[in-house]
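Take the position in the sequence shown, starting the count at 1, then add 11; the result is the number in my numbering. Since the structure comes first, as structure tokens, the remarks are kept for the end.
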Amino acid sequence: MSEKKGVVMSCEDVEVIARFERVTRDAAGVQRETLRRILDENAGVEYLRKLGLAGRTDPDSFRACVPIASHADLEPYIQRIADGDTFPVITAKPVTAISQSTGTTQGKRKYLLFNDELLKTVIRGFQTTCAFRNRAFPVEDGKKALQFMYSSRQDTTKGGLTATTLTTNLFRSEEFRTTTHDTRLQNSSPREVLFSPDFEEALYCHLLCGLHFADEVQLVSAAFAHSLVVVLQTLEHVWPELCADIRHGTPSTARVTTPAVRQAVSTLLAGPNPALADAMEADAPA
């Protein structure tokens, strides 16, 4: 066990951090071994065969054939998979979904492949992030974290694959539920809020649930610093409505319209809380 600020880190967190620090001491070697493993596992796919590797799977041969590659080089293959081609075009293992980029680089979203192997990698990254966060910002057992996490809407490709953001693919996986439980960090918002189809609705509910657990929240986090700026701006704008919702014990019908989200948040609020609403209104700036 490791201890900081009176909070004991789990053995799992200590092990995750130790493993991360161990492998990053030789990042180049790890990258080379990762490339070798990828080439070994996918030696027979169409993309690699067309490169002229002639069955070679060593990193040097690959780099000689492909000194640099861009998404544009892979896009035709990815599109075939999205359209329903089940032939091993890029990966030997089946593609289970499509991840979409944010579209900030070229103004349009790009398709990226997602499968069980990538899910394992993303989960390891999530576990590593959680471990370092728990070490730097420990939360006592039984306390909560107000985490501004969101999902994106899901589309379906011509070939029947789900297309959405990488984080949404992660959040909707059963493995993520287990991983989230293992981090020992209790979110102030129910899972239904995470899967709200509307960003503003989800943000409002995160704020409402966080205020409901005001005495228990010990950590506030978001994926991007700008997200917290949006949170604070929204908090100022909707403060009177949040106070009213706390007072009456039910989320605003104008702000929260998704039935599953309304039900989950109403259950969490568990009835009127005029004392908390009075305290919130007393703290409001003049």
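C-beta: ideal position from N, C-alpha, C; glycine also. None of the values given here were measured: they were computed from a predicted structure.
Beta bridge counterpart(s) of residue i as assigned by DSSP
i: Tyr-122; result: Gln-111
i: Val-228; result: Lys-155
i: Gln-197; result: Lys-155
i: Ala-174; result: Ile-109 and Asp-166
i: Ala-233; result: Phe-159
6 Å CB neighbourhood of residue i in its chain, flanking five on each side removed
i: Gln-165; result: Thr-173 and Thr-175
i: Lys-154; result: Glu-227 and Gln-229
i: Met-11; result: Residue 11 lies beyond the range of the chain shown here (12 to 297); nothing can be said about it.
i: Ala-288; result: Cys-254, Ile-257 and Arg-258
i: Asp-94; result: Lys-169 and Gly-170
Candidates the options: closest to residue i by CA position
i: Phe-210; options: Ser-199, Glu-185, Ser-238 and Gly-221; result: Ser-238
i: Met-160; options: Thr-132, Ser-200 and Glu-128; result: Ser-200
i: Phe-137; options: Val-34, Met-20 and Phe-187; result: Phe-187
i: Ser-207; options: Lys-169, Ala-275 and Ala-233; result: Ala-275
i: Ile-109; options: Gly-118, Arg-258 and Asp-127; result: Asp-127
i: Ala-54; options: Pro-70, Gln-42 and Arg-43; result: Pro-70
i: Ile-92; options: Arg-48, Pro-262 and Thr-102; result: Thr-102
i: Asp-84; options: Val-100, Gly-95, Asp-94 and Asp-96; result: Val-100
i: Ala-295; options: Glu-252, Lys-61, Val-272 and Ser-72; result: Glu-252
i: Ala-234; options: Thr-167, Leu-157, Asp-152 and Asp-37; result: Leu-157
i: Gly-282; options: Leu-50, Ile-79, Lys-169 and Gly-260; result: Gly-260
i: Arg-60; options: Leu-46, Val-34 and Cys-76; result: Cys-76
i: Gly-221; options: Asp-256, Thr-190, Thr-189 and Ala-236; result: Asp-256
i: Phe-98; options: Val-150, Glu-203 and Gly-170; result: Gly-170
i: Ile-79; options: Leu-243, Thr-139 and Leu-62; result: Leu-62
i: Arg-47; options: Ala-65, Thr-35, Ser-72 and Val-34; result: Ser-72
i: Leu-130; options: Val-150, Lys-119 and Arg-183; result: Arg-183
i: Ala-293; options: Leu-280, Ala-265 and Trp-250; result: Trp-250
i: Thr-45; options: Glu-185, Thr-68 and Thr-167; result: Thr-68
Limits of the unbroken alpha helix (DSSP H) element including residue i
i: Ala-75; result: 70 to 76
i: Leu-218; result: 210 to 223
i: Ala-265; result: Run containing Ala-265: none; DSSP gives neither H nor E here.
i: Pro-87; result: 82 to 93
i: Lys-131; result: 127 to 147
i: Ile-79; result: That residue, Ile-79, is in no alpha helix (DSSP H); it is neither H nor E in DSSP.
Chain-order list of residues whose beta-carbon lies under 8 Å from that of residue i (same chain, five-residue window excluded)
i: Ala-286; result: none
i: Thr-179; result: Ser-162, Ser-163 and Gln-165
i: Tyr-88; result: Glu-57, Tyr-58, Val-100 and Ile-101
i: Leu-124; result: Ile-89, Ile-92, Ile-101, Thr-102, Val-106, Ile-109 and Ser-110
i: Lys-121; result: His-82, Glu-86, Gln-111, Ser-112 and Gly-114
i: Arg-241; result: One point to set straight first is that residue 241 is Val, not Arg, in the sequence displayed. Within the same chain, Val-241 has close Cβ partners Leu-214.
i: Thr-268; result: Asp-209 and Glu-212
i: Asn-284; result: His-223, Ile-257, Arg-258 and Gly-260
i: Val-204; result: Ala-213, Cys-216, His-217, Cys-220, Val-272, Ala-275 and Val-276
Proximal residues to residue i (C-beta, below 7 Å), its chain only, five neighbours per side dropped
i: Ile-28; result: Ala-142, Phe-143 and Arg-146
i: Glu-32; result: none
i: Leu-246; result: Leu-218
i: Phe-148; result: Leu-230
i: Ser-52; result: The amino acid occupying residue 52 in the given sequence is Glu; Ser does not appear at that position. Contacts found: Ala-103.
i: Thr-190; result: Ile-134, Phe-137 and Gln-138
Quick check: the segment 129 to 149 against the segment 210 to 220, are at least 3 beta-carbon pairs closer than 8 Å? Short answer: they don't touch.
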